[in-house]
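Trainee:
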Amino acid sequence: MMNAATSGVPMVHADRVSKSFGSNEVLKSISLSVPQGEVMCLVGPSGSGKSTFLRCINHLERVDAGRLSVEGVLVGYEERGDKLYELKPREAARQRRDIGMVFQRFNLFPHMTALENIIEAPIRVNKVKKEAAVAHAQELLARVGLAGKADAYPAHLSGGQQQRVAIARALAMEPKLMLFDEPTSALDPELVGEVLDVMKGLAESGMTMIVVTHEMGFAREVADQLVFMDGGVVVESGDPDQVLGNPQHERTKAFLSKVL
Ligand code: ADP
Ligand code: MG
-13 MMNAATSGVP MVHADRVSKS FGSNEVLKSI SLSVPQGEVM CLVGPSGSGK STFLRCINHL
47 ERVDAGRLSV EGVLVGYEER GDKLYELKPR EAARQRRDIG MVFQRFNLFP HMTALENIIE
107 APIRVNKVKK EAAVAHAQEL LARVGLAGKA DAYPAHLSGG QQQRVAIARA LAMEPKLMLF
167 DEPTSALDPE LVGEVLDVMK GLAESGMTMI VVTHEMGFAR EVADQLVFMD GGVVVESGDP
227 DQVLGNPQHE RTKAFLSKVL
């Protein structure tokens, strides 16, 4: 059967993407590609533009120049000759629904239980019937190892449990792409593993993922591709074992010596 996965259209394709905040050029002609079903880990020092890049993919920031596409559909706008092509707000909203995002801070609704957090968007945005949403949420809670926590409020969950609920909440929208922005950076060290394990399972299930992380063990084990960014440019990228084991650039070496 011919579908997007077999036709070779990358899930995310960036071609000379640039983005400035005022005079601060944060992304300087970024080019990279994430094939469907693959995991890309994005690493680099603070301020190098990693979050901004994820935010551009998810329509939280607008690209200034270059082409950025998700499954072949253009994100934001681009110049075509002297004309600007812009994605319509409705198309952008539709595209965003297919993209799950998990942040450093868990961002759960504090006044809702774990289950209520998970069923909120499917019911409100996707118009899923409540019973179906609840059944799916229970499955997702089991999948992230929290089958017994449906009725717990975020304040009564550990950081690692909250982050796993946040992952389940993103999955409830049945995304085709998951973006993780330092999902374990705010966690106590002993809670990092349980979140990485859930992400690893997700990767093994075939989910396309971009993961900003400093967890190089995870990157080495799970990523198909590791991209090192610094100062708004892709300094080097490739097979994680190769980039981590035999970095080619001084900036990569300097960064890895601090995080490994
Ligand atoms: P990273 O995630 O790699 O730490 P960011 O993408 O968060 O990097 O930030 C890259 C640069 O962009 C930083 O200099 C930051 O101050 C700047 N920046 C990010 N978001 C904004 C914004 N909304 N307005 C102005 N500057 C921003
Ligand atoms: Mg960041």
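Residue numbers (the working numbering): -13 to 246.
Yeah, the Cβ is synthetic: ideal placement off N, Cα and C, and Gly gets one too.
#1: From Pro21, Glu222, Pro31 and Ile16, pick the residue whose C-alpha is nearest to that of isoleucine 195; which is it?
#2: Is the closest heavy atom of the ligand ADP to the C-beta of serine 34 under 7 Å?
#3: Enumerate in chain order the residues of its own chain whose CB-to-CB distance from glycine 52 is below 6 Å, with the five nearest sequence positions on each side excluded.
#4: Helix, strand or coil, according to DSSP, for alanine 119 in the structure here?
#5: Counting C-beta neighbours from all protein chains within 10 Å, is the total for valine 247 16 or more, i.e. buried, or is it exposed?
#6: Tell me the rounded alpha-carbon separation between valine 111 and glutamine 149.
#7: Is it the case that the CB of valine 221 approaches a heavy atom of the ligand ADP more closely than 7 Å?
#8: Using a threshold of 7 Å, is the CB atom of glycine 30 nearer than that to any non-hydrogen atom of the ligand ADP?
#9: Would you say the beta carbon of asparagine 61 is closer than 7 Å to some non-hydrogen atom of the ligand MG?
#10: Do you know offhand how far valine 245's Cα is from glycine -6's?
#11: Hey, quick one: how far does the alpha helix (DSSP H) through leucine 230 stretch, first residue to last?
#12: If you count every other CB in all the chains shown that lies within 10 Å of the CB of arginine 147, and 16 or more means buried, which is it?
#13: Output yes or no for whether 8 Å exceeds the beta carbon distance between proline 140 and phenylalanine 92.
#14: Just to confirm, is the Cβ distance from leucine 242 to glycine 224 under 8 Å?
#15: My understanding is that aspartate 216 touches glutamate 24, with C-beta atoms under 8 Å, so please give their C-beta distance in whole angstroms.
#16: Identify the continuous alpha helix (DSSP H) that holds phenylalanine 241 and give its terminal residues.
#17: Given leucine 18, which residues of its chain have a CB within under 7 Å of its CB, disregarding the five upstream and five downstream residues?
#18: Taking the straight line between their C-alpha atoms, what separation do you get for proline 233 and leucine 40?
#19: Would you mind stating whether valine 130 and alanine 154 have Cβ atoms separated by less than 8 Å?
#20: Quick one: using the 10 Å Cβ neighbour count with 16 as the cut-off for buried, is glutamate 190 buried or exposed?
#21: What is the residue span of the alpha helix (DSSP H) that phenylalanine 89 lies within?
#22: Taking the straight line between their C-alpha atoms, what separation do you get for glycine 58 and glutamine 81?
#23: If you run the structure through DSSP and keep just helix, strand and coil, what is methionine -12?
#24: Should lysine 135 be labelled buried (16 or more other beta-carbon atoms within 10 Å of its own) or exposed?
Mentor: Short version:
#1: For the sequence presented, residue 195 should be read as methionine rather than isoleucine. Ranking the options by Cα distance to methionine 195, first place goes to Pro21.
#2: Yes, the beta carbon of serine 34 sits closer than 7 Å to at least one heavy atom of the ligand ADP.
#3: For glycine 52, the CB contacts under 6 Å within the same chain, skipping 5 residues up- and downstream, are Asp1, Arg2, Val3 and Ser4 in chain order.
#4: If DSSP states are grouped into helix, strand and coil, alanine 119 belongs with the helices.
#5: There is no way to answer for residue 247, as the model of the chain reaches only from -13 to 246.
#6: Those two C-alpha atoms are separated by around 22 Å.
#7: Placement of the Cβ of valine 221 at a distance of 7 Å or more from every heavy atom of the ligand ADP is found.
#8: Yes; taking the cut-off as 7 Å, the Cβ of glycine 30 has a heavy atom of the ligand ADP nearer than that.
#9: Looking at the sequence shown, residue 61 is not asparagine but valine. Every heavy atom of the ligand MG is 7 Å or more from the Cβ of valine 61, so no.
#10: Here the C-alpha atom of valine 245 lies approximately 34 Å from the C-alpha atom of glycine -6.
#11: Looking at the DSSP string, the run of the alpha helix (DSSP H) that includes leucine 230 is 226 to 231.
#12: As written in the sequence, residue 147 is glutamine, which differs from the arginine given in the question. Counting other Cβ atoms within 10 Å of its Cβ, glutamine 147 reaches 16 or more and is therefore classed as buried.
#13: Closer than 8 Å, so yes.
#14: No, the Cβ-Cβ distance between leucine 242 and glycine 224 is not below 8 Å.
#15: With a Cβ gap of about 23 Å, aspartate 216 and glutamate 24 do not count as contacting.
#16: Taken as a continuous stretch (DSSP letters only), the alpha helix (DSSP H) holding phenylalanine 241 covers 236 to 245.
#17: If we look at leucine 18 and ignore the five residues flanking it on each side, its Cβ neighbours are Ala0, Val213, Val220 and Ser223.
#18: In this structure, the alpha-carbon of proline 233 lies about 24 Å from that of leucine 40.
#19: Result yes, Cβ atoms of valine 130 and alanine 154 sit closer than 8 Å.
#20: When all chains shown are included, glutamate 190 counts as exposed.
#21: No alpha helix (DSSP H) holds phenylalanine 89; DSSP gives it neither H nor E.
#22: Taking the straight line from one Cα to the other gives about 11 Å.
#23: Here methionine -12 scores only 47 on pLDDT, less than 50, and its place in the model is too uncertain to base an answer on.
#24: By the neighbour-count criterion, in which a residue is buried when 16 or more other Cβ atoms sit within 10 angstroms of its Cβ, lysine 135 is buried.
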